[in-house]
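Trainee: Let me give you the structure first, and then I'll get to my questions.
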Amino acid sequence: MRVAVLGAGIAGLTVAHALRREASRGGASLDLEVFEAGPRAGGRIQTTHSGGFLIEWAADAFQTGPGPARTLVTELGLDRERIEASAGAARRYIFSKGRLHLVPSAPAAALGFSALTPAGRLRLVAEPLLAGRMSREESVHGFAARHVGEEAARVLVGAFVRGVYAGDPKKLSVDAAFPRMREMERKHRSLAIAMAKERRGSGRKTKALWTLTRGMGSLMERLAQSLGASLKLGMPALRLSRAPEYAAPTPFTVRFASGESRGFDSIVIATPAPDAAALLRDLDIEAANAVREIPCAGVAVVALGFRDEAFRSRPDGYGFLVAPGEDLPILGALFESNLFPGRAPKGFVLVRAILGGVDRPDLVTLPDAQLIGLACQALDRAIGLKGGPERTWVRRQENAIPQYTLGHRERVAAVMKRLGSFPGLYLAGNAYRGVSVGSIVEDADRVAGWLLHAAR
Ligand SMILES: Cc1cc2nc3c(=O)[nH]c(=O)nc-3n(C[C@H](O)[C@H](O)[C@H](O)COP(=O)(O)OP(=O)(O)OC[C@H]3O[C@@H](n4cnc5c(N)ncnc54)[C@H](O)[C@@H]3O)c2cc1C
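If you count the sequence shown from 1, position 446 lands on 446 in full-length UniProt numbering, and the numbers rise without skipping.
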């Protein structure tokens with residue numbers, strides 16, 4: 001069976017890995033090629049090593065317990081490089097009303113959560129008493145407000161949503177963007193009760209934050225190496241077409257920008273949504289249009305290497321997220337060198353500030369110097385700076401984070417239904433069934449399973 005994977009981000013690379021593993025287990029013959037438009041594999045995920053700093057340009061960690069992501073690392077022989085986040089990383093802050101507030105780590109501590117008014121705190125802790133179930137689709141904000149009250153939904157959940165999706169909680173669907181929250185409500189009614197039950201055990205290990213000593217980029221490199229000559233870089237796919245069964249030995253033809261056309265039995269499109277829409281256009285315009293309707297937020301990533309003495313007080317914990325409506329020009333800042341060892345040389349702190357998102361798309365295209373200036377201004381207001389950064393790096397991630405807005409699940413289901421008329425054609429990547437690297441790796445196993453099952 002000839003299979004093409006289009007796109008070598010984490011989605012394409014892990015689908016390819018899962019296909020090879022499952023085909024060899026099942027004794028299926030597989031002639032697999034992965035075509036990547038760019039000059040390197042890994043997509044958004046890339047790690048820069050410079051002067052003792054380690055900078056991540058997209059995901060810097062997995063937040064998963066035992067499961068497909070850990071299995072992947074084991075299969076690639078990278079277990080010895082796996083590192084857990086330091087205990088201090090559990091401390092996270094929210095910037096609200098002009099200053100930082102420590103996010104409570106346990107429900108009992110919520111009464112002291114200074115980002116909320118006393119009434120807001122009482123409403124937050126009353127969640128187990130007031131929470132109810134709802135089955136129809138809701139926005140993240142609507143869902144959160146029913147559970148923790150309007151104020152905590154705006155400040156706490158609003159900041160969190162900006163951290164994960166760089167998005168608007170009033171537009172995102174809780175069912176698509178945070179399905180686990182809906183599941184917790186369905187099972188336990190109250191989120192606080194659900195979390196307490198999970199913590200108490202059922203023997204399930206809680207989710208941990210972990211990465212690799214040489215960064216997420218090393219995982220991409222190992223996946224790319226394992227593909228060997230099957231990985232073709234600098235090969236953007238332009239168009240897909242399907243020949244009538246009687247006319248061609250392979251049903252799908254991919255036309256590449258190089259002018260070359262190649263036939264395949266199966267195709268996995270693992271590109272970002274706008275590229276997937278362009279590839280689908282000739283096959284099924286309705287599927288292409290539905291994929292194009294998935295909005296994406298762009299962000300700018302500004303990495304800053306400071307000397308320890310540059311701060312009025314040393315940055316604490318994981319970092320901070322900015323509540324919506326605050327007059328601070330960043331979505332949040334992560335204190336990378338507090339999170340994992342080896343992120344900055346001794347005597348230095350590495351901070352990664354994220355700007356842009358759906359609220360401020362204009363920021364993403366600003367010149368580097370302005371982005372660095374805005375990031376420093378935000379850090380000065382939030383934690384206080386005595387001096388500027390010694391090293392700076394900037395990268396723009398345009399159309400980086402798909403927005404699972406209301407109706408997302410129906411849109412994806414409609415696309416999958418239409419693609420049902422093209423047996424052998426699959427979609428993978430962060431636009432459909434989860435944006436986190438953990439969910440993308442999990443989805444890769446699913447997509448590989450569908451493809452091989454259908455081919456039997
Ligand atoms: C700043 C930032 C921080 C993040 N932090 C986290 C985090 O801490 N934890 C977490 O879990 N997730 C995080 N994420 C999300 C996660 O990194 C992404 O969702 C994930 O990397 C996307 O992978 P992908 O393979 O779906 O897409 P991509 O990485 O975009 O890969 C798609 C690939 O397809 C290629 N391509 C495009 N068109 C074509 C074509 N026509 N032919 C061939 N190839 C093509 C592209 O060149 C690219 O290499 C973060 C994202 C960003 C931007």
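Here a beta-carbon is modelled for each residue, glycine too, at the ideal position from N, C-alpha and C.
Would the beta-carbon of Ser-241 be found less than 7 Å away from any heavy atom of ligand 1?
Mentor: Counted from its first residue, the sequence shown places residue 241 at position 241. Not one heavy atom of ligand 1 is found less than 7 Å from the C-beta of Ser-241.
Trainee: Measure the alpha-carbon distance for Phe-113 versus Gly-357 and round it to whole angstroms.
Mentor: Residue mapping note: residue 113 aligns to position 113 of the sequence shown, counting from 1. Residue mapping note: residue 357 aligns to position 357 of the sequence shown, counting from 1. Distance between the alpha carbons of Phe-113 and Gly-357 is about 26 Å.
Trainee: Does at least one heavy atom of ligand 1 sit under 7 Å from the Cβ of Leu-6?
Mentor: Here residue 6 refers to the residue found at position 6 when the sequence shown is read from its first residue. At a cut-off of 7 Å, the beta-carbon of Leu-6 counts as near ligand 1: some heavy atom of the ligand is closer than that.
Trainee: Thinking just about the alpha-carbon of each residue, which of Lys-187, Ser-173, Phe-264 is nearest to the one in Glu-410?
Mentor: Translated into positions along the sequence shown, residue 410 becomes position 410. Closest in C-alpha terms to Glu-410, from the list Lys-187, Ser-173, Phe-264, comes Ser-173.
Trainee: Could you give the first and the last residue of the continuous alpha helix (DSSP H) run that contains Trp-450?
Mentor: Counting from 1 along the sequence shown, the entry for residue 450 is found at position 450. Element bounds for Trp-450: 437 to 455.
Trainee: Check each candidate in Gly-52, Val-3, Pro-39 and name the one with the smallest Cα separation from Ala-28.
Mentor: Taking the sequence shown and counting its residues from 1, the one referred to as residue 28 is at position 28. Ala-28 has its Cα closest to that of Val-3, out of Gly-52, Val-3, Pro-39.
Trainee: Could you check if Asp-79 is buried or exposed, using at least 16 other CB atoms within 10 Å of its CB as the buried criterion?
Mentor: To locate residue 79, count along the sequence shown from 1; it is residue 79. With fewer than 16 other Cβ atoms within 10 Å, it is exposed.
Trainee: When DSSP labels each residue in this structure, what does Thr-365 get in the three-state scheme?
Mentor: In the sequence shown, the residue the question calls residue 365 occupies position 365. Helix, per DSSP.
Trainee: For Gly-88, which residues of its own chain have a beta-carbon under 7 Å away from its beta-carbon, when the five flanking residues on both sides are left out?
Mentor: Locating residue 88 in the sequence shown gives position 88, where the first residue counts as 1. By the criterion of a C-beta distance shorter than 7 Å, Gly-88 is surrounded in its chain by Gly-317, Asn-338, once the five residues flanking it on both sides are discounted.
Trainee: Taking Leu-240 as the reference, which of Pro-39, Ile-383, Gly-201, Leu-283 has the closest Cα?
Mentor: Here residue 240 refers to the residue found at position 240 when the sequence shown is read from its first residue. Closest option to Leu-240, Cα to Cα, is Leu-283.
Trainee: Quick one: residues in its chain with C-beta nearer than 7 Å to the C-beta of Val-447, no 5 flanking neighbours on either side, listed in chain order?
Mentor: Counting from 1 along the sequence shown, the entry for residue 447 is found at position 447. Only Val-15, Val-268, Tyr-426, Ala-428 meet the Cβ criterion.
Trainee: Would Val-140 and Val-125 be called neighbours here (beta carbons separated by less than 8 Å)?
Mentor: The residue you call residue 140 lines up with position 140 of the sequence shown. The residue you call residue 125 lines up with position 125 of the sequence shown. Result no, Cβ atoms of Val-140 and Val-125 do not sit closer than 8 Å.
Trainee: Per DSSP, what kind of secondary structure is Asp-31 in: helix, strand or coil?
Mentor: As a first step, residue 31 is located in the sequence shown; it is residue number 31 there, counting from the start. DSSP places Asp-31 in strand when its eight states are reduced to three.
Trainee: Need the endpoints of the beta strand (DSSP E) that Ala-278 sits in, please.
Mentor: Here residue 278 corresponds to residue number 278 of the sequence shown, with the count starting at 1. Careful: Ala-278 lies outside any beta strand (DSSP E), inside the alpha helix (DSSP H) at 273 to 280.
Trainee: For the putative contact between Leu-129 and Glu-151, defined by C-beta atoms under 8 Å, what is the C-beta separation to the nearest angstrom?
Mentor: As a first step, residue 129 must be located in the sequence shown, where it is residue number 129. As a first step, residue 151 must be located in the sequence shown, where it is residue number 151. Contact doesn't hold; Cβ gap of about 17 Å is too wide.
Trainee: If you draw a straight line from the alpha carbon of Ile-94 to that of Ala-454, how long is it in whole angstroms?
Mentor: As a first step, residue 94 must be located in the sequence shown, where it is residue number 94. As a first step, residue 454 must be located in the sequence shown, where it is residue number 454. In a straight line, the C-alpha of Ile-94 is about 48 Å away from that of Ala-454.
Trainee: If we count Cβ pairs, one from each stretch, closer than 8 Å, do we get three or more for the stretch 212 to 219 versus the stretch 347 to 356?
Mentor: Below 8 Å, too few C-beta pairs join the stretch 212 to 219 and the stretch 347 to 356 to call them touching: fewer than three.
Trainee: Flag Gly-429 as yes when its Cβ comes closer than 7 Å to any non-hydrogen atom of ligand 1, and as no otherwise.
Mentor: In the sequence shown, counting from the first residue as 1, residue 429 sits at position 429. Yes, the beta carbon of Gly-429 sits closer than 7 Å to at least one heavy atom of ligand 1.
Trainee: Can you find the residues in the same chain that come closer than 6 Å, C-beta to C-beta, to Arg-433, ignoring five residues on each side of it along the sequence?
Mentor: As a working note, residue 433 is residue 433 in the sequence shown. So the qualifying residues of the chain are Asp-443.
Trainee: Please name the residue in Ala-69, Arg-418, Leu-304 whose C-alpha comes closest to that of Ile-55.
Mentor: Stepping through the sequence shown from its first residue, residue 55 is reached at position 55. Residue Leu-304 is the option with its Cα nearest to Ile-55.
Trainee: Please go through the stretch 18 to 82 and give each complete beta strand (DSSP E) segment of 3 or more residues, from N-terminal end onward.
Mentor: 31 to 35, 47 to 50, 53 to 56, 62 to 64
Trainee: Pairing CB atoms from the stretch 323 to 341 with CB atoms from the stretch 284 to 291, are three or more of them under 8 Å?
Mentor: These segments do not touch.
Trainee: Is it right to say Pro-367 is buried, meaning 16 or more other beta carbons lie within 10 angstroms of its own, or is it exposed?
Mentor: Walking along the sequence shown from the start, residue 367 turns up at place 367. With fewer than 16 Cβ atoms within 10 Å of its Cβ, Pro-367 is classed as exposed.
Trainee: My understanding is that Ile-372 touches Leu-355, with C-beta atoms under 8 Å, so please give their C-beta distance in whole angstroms.
Mentor: Working through the sequence shown from its first residue, we reach residue 372 at position 372. Working through the sequence shown from its first residue, we reach residue 355 at position 355. Their Cβ separation, rounded to whole angstroms, is 10 Å, which puts Ile-372 and Leu-355 out of contact at 8 Å.
Trainee: At the level of alpha carbons, what is the spacing between Leu-406 and Phe-53?
Mentor: Here residue 406 is taken as the residue at index 406 of the sequence shown, counted from 1. Here residue 53 is taken as the residue at index 53 of the sequence shown, counted from 1. Their Cα atoms are separated by approximately 40 Å.
Trainee: DSSP on Phe-340, reduced to helix/strand/coil?
Mentor: By one-based count along the sequence shown, residue 340 stands at place 340. Coil, per DSSP.
Trainee: CB of Pro-272 to nearest heavy atom of ligand 1: below 7 Å?
Mentor: Counting from 1 along the sequence shown, the entry for residue 272 is found at position 272. Flag set: Cβ of Pro-272 near ligand 1.
Trainee: For Gly-149, count the other beta carbons within 10 Å of its own beta carbon; 16 or more makes it buried, fewer makes it exposed. Which is it?
Mentor: For the purposes of this step, residue 149 is identified with residue 149 of the sequence shown, where counting begins at 1. Label assigned to Gly-149: buried.
Trainee: So, helix, strand or coil for Glu-138, using DSSP?
Mentor: Reading the sequence shown from its first residue, position 138 is the one you call residue 138. Here Glu-138 sits in coil by DSSP.
Trainee: First and last residue of the beta strand (DSSP E) that includes residue 483?
Mentor: With the chain covering 1 to 456 only, the question about residue 483 has no answer from this structure.
Trainee: Counting only the same chain and skipping the five closest in sequence on each side, list residues whose C-beta sits under 6 Å from that of Ala-37.
Mentor: On the sequence shown, residue 37 is found 37 positions in, with the first residue counted as 1. The answer, listed in chain order, is Pro-236.
Trainee: Pull up the distance between the alpha-carbon of Leu-231 and that of Arg-92, whole angstroms please.
Mentor: Position 231 of the sequence shown, counted from the start, is the residue given in the question as residue 231. Position 92 of the sequence shown, counted from the start, is the residue given in the question as residue 92. C-alpha of Leu-231 to C-alpha of Arg-92: approximately 40 Å in a straight line.
Trainee: Figure out for me which residue from Leu-452, Ile-440, Leu-451 has the closest Cα to the Cα of Leu-72.
Mentor: Along the sequence shown, read from residue 1 onward, the residue named residue 72 stands at position 72. Checked all of Leu-452, Ile-440, Leu-451; the closest Cα to Leu-72 is Ile-440.
Trainee: Identify the residues that DSSP records as bridge partners of Glu-84: which are they?
Mentor: If you number the sequence shown from 1, residue 84 lands on position 84. According to DSSP, Glu-84 bridges with Trp-210.
Trainee: Can you name the start and end residues of the alpha helix (DSSP H) that Glu-410 belongs to?
Mentor: Translated into positions along the sequence shown, residue 410 becomes position 410. From DSSP, the alpha helix (DSSP H) with Glu-410 extends over 408 to 419.
Trainee: Between which two residues does the beta strand (DSSP E) holding Asn-399 run?
Mentor: In the sequence shown, residue 399 corresponds to position 399, counting from 1. Note, Asn-399: beta strand (DSSP E), 391 to 402.
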